[in-house]
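Residue numbers (mature numbering (1 follows the signal peptide of the UniProt record, and there is no 0)): -25 to -1, 1 to 457. By construction, the Cβ of each residue, glycine as well, lies at the ideal position given by its N, Cα and C atoms. Treat the numbers as computed from the prediction; the structure is a model and nothing was measured.
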Ligand SMILES: *[C@@H]1O[C@H](CO)[C@@H](O)[C@H](O)[C@H]1NC(C)=O
Ligand SMILES: *[C@@H]1O[C@H](CO)[C@@H](O)[C@H](O)[C@H]1NC(C)=O
Ligand SMILES: *[C@@H]1O[C@H](CO)[C@@H](O)[C@H](O)[C@H]1NC(C)=O
Ligand SMILES: *[C@@H]1O[C@H](CO)[C@@H](O)[C@H](O)[C@H]1NC(C)=O
Ligand SMILES: *[C@@H]1O[C@H](CO)[C@@H](O)[C@H](O)[C@H]1NC(C)=O
Ligand SMILES: *[C@@H]1O[C@H](CO)[C@@H](O)[C@H](O)[C@H]1NC(C)=O
Ligand SMILES: *[C@@H]1O[C@H](CO)[C@@H](O)[C@H](O)[C@H]1NC(C)=O
């Protein structure tokens, strides 16, 4: 019996599949080795190990080396540079520095030439309310710099709802601005030496739970209608709700971030590209209270009429882990997808302690589509449902949603997944009025710890090739072609 193999390479998947019959390979091959070993170092889960190092430990030389840093030109150093301290900011964690940020950004806006300017944040605890960035800016957080979001809701001006949502996501009407906002900008870099942007979301979560908020919650970072954006080498934490929200943006690179929200905090997704094109997210460690990454494009009739899709999205080398099994999905699509989602590629993800692995969520009334999606190379451990397609998510902005606007979900390939301690292999639920089509599952090996409802399928068609446990008959088996 072969008991020795290494997680150093995804090749072990083929190795496993070739050495044993589909019925029994997990018991024989997994016995002495556990994916959890890779996480047994507390450092691994805490995010102390960089995503790169974690990936190397799981995927070895097979980690994709691709990078999309070239999507946006990092550019020359900015000729004009100021420090937030030049504008009277005090980094004691108590003084409110909103005015200093405003003055600094106003100064840079008036004085920078076309090469732009840098605002440097030195070590310290810089409390501030909502701030609005400018174009041709680098916001640079030096080692030990912490930008802290004010805990007073009055420090977040109320801003209009997004047209593709027609209202705030949580409450009708307008919404709170984010801690850091960019509206209609170009050429913005937010980076530093692992400085931290901390939303101090505790008060928001409490107010959300006790239903005392008047408007929908804030984000740590929201960029609207902006392009050529780089977000690198930083930590984002304690977001009031979704952490990083680029909406109506193009050319966005998000790389080498740590995103940390408590695993029991409500709706604190990590990164949510929304009605945005050419977005690349790579080398991030994400531990949050909802989906690590969620791709969206507007909500029901508002999203349909706004009609701006999310497309050309690349996601790679993400590690997402929760010791308390509190992450919702590793990668999700929707449920707001009314402007359409297409051409998405997800590669090399390690996910530990989540409700869902990859999840497609939609509902009648959404309209729109999710198509041309490829998800390759996932390592899952302690994930309840590995693959999910769900068509009855519900949640409508108001009662005027179009009863016959059915979403179209098709041309989706999910390939190379290994999962240990999985409760349910998959739930594939399409709609009778709009069955999900061309759903292809390939080389998937899941150690499913339950015998009933292992695959739950309806209104779905497609194929499978070398999937264990064997999928429902709704998918047709592909023959091996050599
Ligand atoms: C960056 O800081 C965060 C939070 O302090 C930490 O968890 C992470 O390990 C750091 N990353 C690197 C690469 O130093
Ligand atoms: C990622 O960021 C950390 C600091 O946050 C830095 O030490 C490391 O070199 C960066 N890695 C890459 C590949 O840029
Ligand atoms: C609800 O939460 C807010 C924010 O933390 C707090 O100020 C308020 O006192 C709470 N209200 C109730 C009724 O618990
Ligand atoms: C991220 O950090 C690494 C290591 O310090 C550095 O080489 C790289 O240029 C940084 N990236 C950006 C965009 O600052
Ligand atoms: C398996 O996953 C469940 C959560 O789905 C978790 O409670 C349990 O501790 C995990 N078991 C092992 C052996 O990791
Ligand atoms: C509702 O959606 C259907 C299907 O897309 C469309 O044909 C119809 O015109 C829509 N109705 C309204 C009132 O927008
Ligand atoms: C399959 O999933 C649907 C939708 O979540 C659920 O209503 C149904 O009970 C499940 N089927 C089984 C056999 O558990």
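{"Query": "Is residue 396 near ligand 5 - that is, is its Cβ less than 7 angstroms away from at least one heavy atom of it?", "Result": "yes"}
{"Query": "From which residue to which residue does the alpha helix (DSSP H) around residue 320 run?", "Result": "Looking at the DSSP string, residue 320 is not in any alpha helix (DSSP H); the run it does join, the beta strand (DSSP E), is 316 to 336."}
{"Query": "I want to check one thing, is the minimum distance from the CB of residue 290 to the heavy atoms of ligand 7 below 7 angstroms?", "Result": "no"}
{"Query": "To which residues does DSSP link residue 197 through a beta bridge?", "Result": "156 and 220"}
{"Query": "Cβ of residue 402 within 7 angstroms of any heavy atom in ligand 7?", "Result": "yes"}
{"Query": "What's the gap between the Cα of residue 423 and the Cα of residue 320?", "Result": "26 angstroms"}
{"Query": "Just to confirm the assignment, what range does the alpha helix (DSSP H) spanning residue 83 have?", "Result": "73 to 86"}
{"Query": "Can you tell me whether DSSP reads residue 99 as helix, strand or coil?", "Result": "strand"}
{"Query": "Between residue 394 and residue 430, how many whole angstroms is the CB-CB distance? I'm expecting something under 8 angstroms.", "Result": "Rounded, the Cβ-Cβ distance is 13 angstroms, inconsistent with contact."}
{"Query": "Let me check understanding here. Comparing Cα to Cα, which of 172, 239 and 347 lies closest to residue 218?", "Result": "172"}
{"Query": "When you measure from the CB of residue 208 to every non-hydrogen atom of ligand 2, does any distance come out below 7 angstroms?", "Result": "yes"}
{"Query": "Mind checking which residues open and close the beta strand (DSSP E) that includes residue 274?", "Result": "First-last for residue 274: undefined, no H or E at that position."}
{"Query": "Where are the beta strand (DSSP E) runs, 3 residues long or more, that stay fully inside the region 114 to 199, in chain order?", "Result": "120 to 124, 155 to 158, 161 to 167, 171 to 173 and 196 to 199"}
{"Query": "Which residue comes first and which comes last in the beta strand (DSSP E) that contains residue 226?", "Result": "225 to 230"}
{"Query": "Which residue's Cα is closest to the Cα of residue 386: 399, 376, 397 and 410?", "Result": "410"}
{"Query": "Go ahead and label residue 23 buried or exposed: buried means 16 or more other beta carbons lie within 10 angstroms of its beta carbon, across all protein chains shown.", "Result": "Caution applies to residue 23, whose pLDDT of 40 falls short of 50 and renders its modelled position unreliable; the model cannot decide the point."}
{"Query": "Can the beta-carbon of residue 179 be found less than 8 angstroms from the beta-carbon of residue 193?", "Result": "yes"}
{"Query": "Could you tell me which uninterrupted beta strand (DSSP E) segments, each at least 3 residues in length, are contained entirely in the region 406 to 441, listed from first to last along the chain?", "Result": "411 to 423 and 430 to 433"}
{"Query": "Report buried or exposed for residue 437, applying the criterion of at least 16 other Cβ atoms within 10 angstroms of its Cβ.", "Result": "buried"}
{"Query": "Measuring only the C-alpha atoms, how far is residue 242 from residue 443?", "Result": "32 angstroms"}
{"Query": "If you compare alpha carbons, which of 312, 220, 392 and 88 is closest to residue 51?", "Result": "88"}
{"Query": "What do you get for residue 448, buried or exposed, if any count of 16 or more other CB atoms within 10 angstroms of its CB means buried?", "Result": "exposed"}
{"Query": "Verify whether the separation of the beta carbon atoms of residue 245 and residue 270 is less than 8 angstroms.", "Result": "no"}
{"Query": "Give me the pocket residues for ligand 6, defined as CB within less than 5 angstroms of any heavy atom, sorted by chain position.", "Result": "377, 379 and 380"}
{"Query": "Could you check the C-alpha separation between residue 439 and residue 247 for me, to the nearest Å?", "Result": "30 angstroms"}
{"Query": "On a CA-only basis, which of 72, 364 and 446 is nearest residue 154? Give me that one, please.", "Result": "72"}
{"Query": "Applying the 10 Å Cβ sphere with the 16-neighbour rule, what's the burial state of residue 147?", "Result": "exposed"}
{"Query": "Determine whether the Cβ of residue 61 lies closer than 8 angstroms to any Cβ atom of chain C.", "Result": "No chain C appears in the structure shown, which is made up of a single protein chain."}
{"Query": "If you drop the 5 nearest sequence neighbours on each side, which residues of the same chain put their C-beta closer than 7 angstroms to that of residue 12?", "Result": "Per-residue confidence for residue 12 stands at a pLDDT of 45, beneath the threshold of 50, marking its modelled position as unreliable; the derived number appears in the next sentence. Closer than 7 angstroms at the Cβ level, and outside the excluded window around residue 12, lies no residue."}
{"Query": "Any heavy atom of ligand 3 closer than 7 angstroms to the CB of residue 187?", "Result": "yes"}
{"Query": "Hey, residue 373 and residue 313 are a contact pair by Cβ (cut 8 angstroms); roughly how many whole angstroms apart?", "Result": "Their Cβ separation, rounded to whole angstroms, is 14 angstroms, which puts residue 373 and residue 313 out of contact at 8 angstroms."}
{"Query": "With distance defined between alpha-carbon atoms, name the residue in 162, 253, 203 and 120 nearest to residue 285.", "Result": "253"}
{"Query": "With 16 other CB atoms within 10 Å as the buried threshold, where does residue 66 fall?", "Result": "buried"}
{"Query": "Would you give the residue range spanned by the beta strand (DSSP E) that residue 365 belongs to?", "Result": "344 to 365"}
{"Query": "Throw me the rounded Cβ distance for the residue 98 and residue 119 pair, which I believe falls under 8 angstroms.", "Result": "3 angstroms"}
{"Query": "Mark residue 308 as exposed unless 16 or more other C-beta atoms lie within 10 angstroms of its C-beta, in which case mark it buried.", "Result": "buried"}
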